[in-house]
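Below: the structure, in structure tokens.
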Amino acid sequence: MKLKVLGLDAAFAHTGMAFAEVDLSGTVISDAHIAVTRVELIKTEADKESKKVVRKNSDDLRRAREIVTGVRQAVEEHGIHLVCCEVPTGTQSARASWALGIAVGTLAAIDQPLIQVLPREVKEAVGDKYADKDEIIAWASGKYPTINWPMSKKKGQMSITVGQAEHMADAVAVIHAATKTAEFNRMAAVYRSVAGRLS
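Read in our numbering, the sequence shown has 368 at position 59, and its numbers run on one by one without any break.
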């Protein structure tokens with residue numbers, strides 16, 4: 310049995326998504342059981358055209374709706390069974406706190422079962438508890454080199470577009486981190502049990 314999983318790196322400007330199938334046939338889930346098939350990015354921008362006409366908080370509401378709509382469409386289009394996410398924490402400014410609230414609100418709007426992981430768990434899934442964004446991108450793109458990473462030409466050569474790929478790579482790492490949690494393994498056992506009874 311395969312479980313369709315969405316990994317989310319939720320943020321106000323860039324929400325990274327990774328789509329995977331997790332093979333539940335074994336009793337222990339390892340990286341070999343995870344197949345990430347595609348990555349996507351929901352990008353929202355402030356409306357600069359109507360800055361003097363539209364209040365900032367009204368424009369923020371529009372952007373929040375774009376994120377929620379994008380995530381819900383992805384869940385429906387891909388038949389997602391389970392969502393894995395890193396819940397954002399800690400900010401340095403009022404504006405960052407506002408953006409964090411919108412990201413958390415996005416996660417709260419998801420109807421599918423949700424498994425939360427900590428930033429530390431995401432980095433540990435990559436193999437380095439101090440991994441930075443470049444290392445996470447290198448890990449994710451090395452593990453899944455054939456999926457649709459955003460590419461751009463740099464010095465005459467095609468390379469991954471870091472500004473977009475970092476959020477997608479985080480979403481990939483979120484899936485790998487979530488499958489290592491006790492919560493995921495309990496859920497996988499329930500899915501196996503139900504599938505066994507239905508067959």
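Every residue, glycine too, gets a C-beta built ideally from N, C-alpha and C.
- When beta bridges are read from the DSSP output, R347 appears opposite F328.
- S461 has S468 as its beta-bridge partners, per DSSP.
- With respect to the C-alpha of D441, the residue from S461, A418 and V471 having the closest C-alpha is V471.
- Counting only runs that start and end inside the segment 396 to 432, the beta strand (DSSP E) elements of at least 3 residues fall at 423 to 426.
- Here the alpha carbon of R404 sits roughly 11 Å from the alpha carbon of F321.
- The criterion of a C-beta distance shorter than 9 Å is satisfied by E395 and L317.
- Spanning the alpha carbons of A474 and A383 requires a straight line of approximately 18 Å.
- Under the 10 Å beta carbon count, P397 is surrounded by 16 or more other beta carbons and is classified as buried.
- R371 has its alpha-carbon roughly 30 Å from the corresponding atom of V345.
- Closest in C-alpha terms to V314, from the list T400, T324 and F328, comes F328.
- In this structure, D369 sits near I411, with a CB-CB distance shorter than 9 Å.
- Inclusion of G414 and A447 in the CB contact set at 9 Å is not warranted, their separation being larger than that value.
- L315 carries a strand assignment under DSSP once its states are collapsed to helix, strand and coil.
- Secondary-structure assignment with DSSP links L370 through no beta bridge to anything.
- Rounded to the nearest angstrom, the gap between the Cα atoms of Q466 and R506 is 53 Å.
- CA-to-CA, the gap between V483 and K462 works out to about 28 Å.
- Non-local C-beta neighbours of P428 in its own chain, meaning closer than 8 Å and more than five positions away in sequence, comprise E395 and T398, ordered along the chain.
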